[in-house]
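Colleague: Our numbering applies: residue 1425 is where the sequence shown begins, and numbers increase by one.
My questions will all concern the structure given below.
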Amino acid sequence: MTTRWMVCSGLMFLLASPAQAQPVDVASLKTRAEATDFQETTRYEEVMDFTEAIANGSETIYRTVFGYTSEGRALPLVVVGDVAGAGAEAVRASGKTRVFVQANIHAGEVCGKEAMLMLLRALAAGQHAAWADSLVLLIAPIYNADGNERISLTNRPGQNGPLGGMGQRPNAQGLDLNRDHMKMDSPEARSLVGLFNAYDPHVVVDLHTTNGAIHAYHLTYSPPLHPNTPRAIDAFLRENWLPAVTRRIKERYGWEYYYYGNIPWRNSNAERGWYTFDHRPRFNNNYTGLRNRFAILSEAYAYATFEERVLASLYFVEEILEFAYQNAGTIQTITRRVDAESVVGQALAVRAQHARSSEPVEILMGEVEEVKHPYADIRLRNRLDVKRSEQMYEYGRFEPTETATAPRAYLVPPGLSTTIDRLDAHGIHARLLEADTTLLVERFRLDSTQVVAREYQGHHAQTLFGSYEQIDLTLPAGTLVVPVEQPLGRLAFSLLEPRSDDGLAAWGLIETADAEVYPVLRIPADR
Ligand SMILES: [Zn+2]
């Protein structure tokens, strides 16, 4: 099928302004993927038309904008629920549990975008109407909108379609948006974190496609992986939520889902096992965990057909939402409780490593065949229906390799404008010293700073070496006091601690090349 769907005919545009246009029959809307027999993926303007038509056709669906890309594309946010409007205030005033789903952060991984358009169409047609009793959905179907428009047949080598091409991984500035949650260099990251601050979703779901290990799962997933993630968030996801969803998918569709993992390369020294990816909060799910919120990373299997990947992502989100609907009160209770916890005085991780499971687990390995791309001189991998059970240790969690005691507060000198800007953008509360103040503080005396020569994501990564000393200092008026006792205390720690492996110093945003001391000071935990 080669016809394209259209939301409005040209004639309708001539006869009526969009505001007066008759609502289209939403059930007849098709994504570009559906209209092309899954040969192509939906473009930005089509996403805008589709979501506008959906919002026009439903009383409980709104479309708004949560920010802009570096090329100025408006980032659409679709709000679904029993709310007075699409704005953050109206959504929060509803008191419902807020679930945010984003797709397309990597714009070659397009199945989540197609799945979310299909879900919105189903919601507009009245399916899952009960969800509105306890949930408000916030859906951002095309986060990396600029990347989505840079279509090439070879953007994801080996991925099983769409054969008509897909967008690129980074944004238009060449930045990987899933490494930008801490340093926030891109307007997209600022838009997203602005949404987190304004709407404060209790749950964040981030939709991807993985081309890693050749396994038998249609989809793999991950909770937040940072060791400083609140225990109650980690436990509820691992012990209740993810197992329930996995069971339901298996029962309803016969498909296997499991935790994300990779097998070490043959020439690696690492033990054969099932290794998850990374704990650092530059990644969306890990960042969300440090904000005391539930996060689920979704990775559809790149070698399943494009249509199966879209459905795998759709089924996953549906079951996540069904569980959220049934457990909406518990989800809010847990987030409220962890927001009220103080980490002051606790030993928190600044660096971490994979931790091995106590017992081996069953991993389902798979097989693929290589096929020629019909339109390009590349080869694709096609999933075969093979399931081979293997027992191996799982490295699905991280344990600290180094900790630091969370202080009472951080003290940021007035001149550190980049640091002050980032703290504000993250939504971290702080206050200014009104007068010069003499205090006993902890100061990190630097032995050395190691700088990585190769640039990564626009930065030369740094590692600081040194140790804390206590000293009486007079702090000038205008010093920023960042209390650790606040809901974003874990995040403030990871941003400001000098040895944090994903902090502002690690990204070179706090420069220490010729300095003898780290400029951010601490008020000790026992003060
Ligand atoms: Zn991805």
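Ideal placement from N, C-alpha and C gives every residue a C-beta, glycine not left out.
Check I1641 in the structure and name its three-state DSSP category.
Modeller: The residue you asked about is not Ile; residue 1641 is Tyr in the sequence shown. Residue state, collapsed to three classes: coil.
Colleague: Among N1579, S1737, E1818, which one has its Cα closest to the Cα of E1695?
Modeller: Taking only the C-alpha atoms, the option nearest E1695 is E1818.
Colleague: Taking only heavy atoms of ligand 1 into account, decide whether any of them is closer than 6 angstroms to the Cβ of H1530.
Modeller: Yes, ligand 1 has a heavy atom inside 6 angstroms of this Cβ.
Colleague: When every heavy atom of ligand 1 is checked, does at least one fall within less than 6 angstroms of the C-beta of E1921?
Modeller: Outside the cutoff, so no.
Colleague: Thinking M1401 and L1919 are a contact (beta carbons under 8 angstroms), I'd like their distance in whole angstroms, please.
Modeller: Given that the chain is displayed from residue 1425 to residue 1951, the structure contains no residue 1401 and the question cannot be resolved.
Colleague: Could you check if V1921 is buried or exposed, using at least 16 other CB atoms within 10 Å of its CB as the buried criterion?
Modeller: According to the sequence provided, residue 1921 is Glu. The question's Val does not apply to it. That one is buried.
Colleague: Contact check, V1523 vs H1626 under 8 angstroms by CB: the rounded distance?
Modeller: Rounded, the Cβ-Cβ distance is 7 angstroms, consistent with contact.
Colleague: Cβ of H1778 versus every heavy atom of ligand 1: is any distance shorter than 6 angstroms?
Modeller: Incorrect: H1778 has no Cβ contact closer than 6 angstroms to ligand 1.
Colleague: Would you list the residues sitting across from Q1526 in a DSSP beta bridge?
Modeller: For Q1526, which the question treats as bridged, DSSP gives the partners A1564, D1630.
Colleague: Between Q1886 and G1932, is the Cβ-Cβ spacing less than 7 angstroms?
Modeller: The answer is yes: Cβ separation under 7 angstroms.
Colleague: When you compare only the Cα positions, how much space is there between C1432 and R1545?
Modeller: Annotation note: pLDDT 39 at C1432 (below 50); position unreliable, coordinate value reported separately. Between C1432 and R1545, the C-alpha separation is close to 16 angstroms.
Colleague: Over what stretch of residues does the beta strand (DSSP E) that includes A1833 continue unbroken?
Modeller: Element bounds for A1833: 1833-1836.
Colleague: Is the closest heavy atom of ligand 1 to the C-beta of E1533 under 6 angstroms?
Modeller: Yes, the beta carbon of E1533 sits closer than 6 angstroms to at least one heavy atom of ligand 1.
Colleague: For T1898, collect the residues of the same chain with a Cβ closer than 6 angstroms to its Cβ; drop the 5 residues on either side in sequence, then sort them by chain order.
Modeller: So the qualifying residues of the chain are D1860, T1862.
Colleague: Are any of the Cβ atoms in chain B nearer than 7 angstroms to that of A1779?
Modeller: Absence of chain B from the displayed structure is noted, only one protein chain being present.
Colleague: I'd like the list of long-range same chain contacts for D1925, defined as Cβ closer than 7 angstroms, with 5 residues on each side in sequence excluded.
Modeller: Answer for D1925: R1704, V1774, R1775, listed in chain order.
Colleague: With hydrogens ignored, establish whether the beta-carbon of H1605 is closer than 6 angstroms to any heavy atom of ligand 1.
Modeller: No, ligand 1 has no heavy atom inside 6 angstroms of this Cβ.
Colleague: By DSSP's criteria, R1456 is part of a beta bridge. Which residues make up the other side?
Modeller: Paired residue(s): none; R1456 is not in a bridge.
Colleague: Measuring CB to CB, does T1729 end up less than 7 angstroms from N1584?
Modeller: It is a contact, given that the beta carbons lie within the stated cut-off.
Colleague: For ligand 1, any of its heavy atoms closer than 6 angstroms to the Cβ of H1639?
Modeller: No, the Cβ of H1639 stays beyond 6 angstroms of every heavy atom of ligand 1.
Colleague: R1946: buried (16+ other C-beta within 10 angstroms of its C-beta) or exposed?
Modeller: Buried, by the Cβ-count rule.
Colleague: Out of H1778, G1839, T1484, state which residue places its alpha-carbon closest to the alpha-carbon of E1935.
Modeller: Looking at the Cα atoms, G1839 is the closest of the given residues.
Colleague: Pull the bridge partners of W1698 from the DSSP assignment, please.
Modeller: Partner(s): E1818.
Colleague: Cβ of H1632 within 6 angstroms of any heavy atom in ligand 1?
Modeller: The answer is yes for H1632.
Colleague: Run through the segment 1640-1699 for me and flag every whole beta strand (DSSP E) of 3 or more residues, listed as ranges in chain order.
Modeller: The qualifying runs are 1643-1646, 1681-1683, 1697-1699.
Colleague: Do V1504 and A1510 have their C-beta atoms within less than 7 angstroms of each other?
Modeller: Against a cut-off of 7 angstroms, the Cβ pair of A1510 and V1504 comes out as no contact.
Colleague: According to DSSP, is G1532 helix, strand or coil?
Modeller: DSSP places G1532 in coil when its eight states are reduced to three.
Colleague: Note down the Cα distance separating D1473 from E1814, rounded to an integer number of angstroms.
Modeller: Whole-angstrom Cα-Cα distance: 47 angstroms.
Colleague: Should Y1682 go down as buried or exposed, given a rule of 16 or more other Cβ atoms within 10 Å for buried?
Modeller: Y1682 comes out buried.
Colleague: If we ignore side chains and look at the alpha-carbon of each, how far apart do F1660 and G1550 end up?
Modeller: Computed Cα separation, rounded: 30 angstroms.
Colleague: Return helix, strand or coil for Y1942, following the three-state DSSP convention.
Modeller: In this structure, Y1942 counts as coil in the three-state DSSP scheme.
Colleague: Does DSSP put T1426 in a helix, in a strand, or in coil?
Modeller: In this prediction, T1426 scores a pLDDT of 37, lower than 50, which makes its location untrustworthy; no coordinate-derived value is stated.
Colleague: Which of helix, strand or coil does DSSP assign to R1914?
Modeller: If DSSP states are grouped into helix, strand and coil, R1914 belongs with the helices.
Colleague: Measure the Cβ-Cβ separation of V1669 and E1743 and say whether it is below 7 angstroms.
Modeller: Result yes, Cβ atoms of V1669 and E1743 sit closer than 7 angstroms.
Colleague: Would E1866 and P1948 qualify as a contact pair, given that the criterion is a beta-carbon distance under 7 angstroms?
Modeller: Against a cut-off of 7 angstroms, the Cβ pair of P1948 and E1866 comes out as a contact.
Colleague: Between the alpha carbons of G1685 and A1771, how many angstroms are there, rounded?
Modeller: Cα to Cα, G1685 sits roughly 28 angstroms from A1771.
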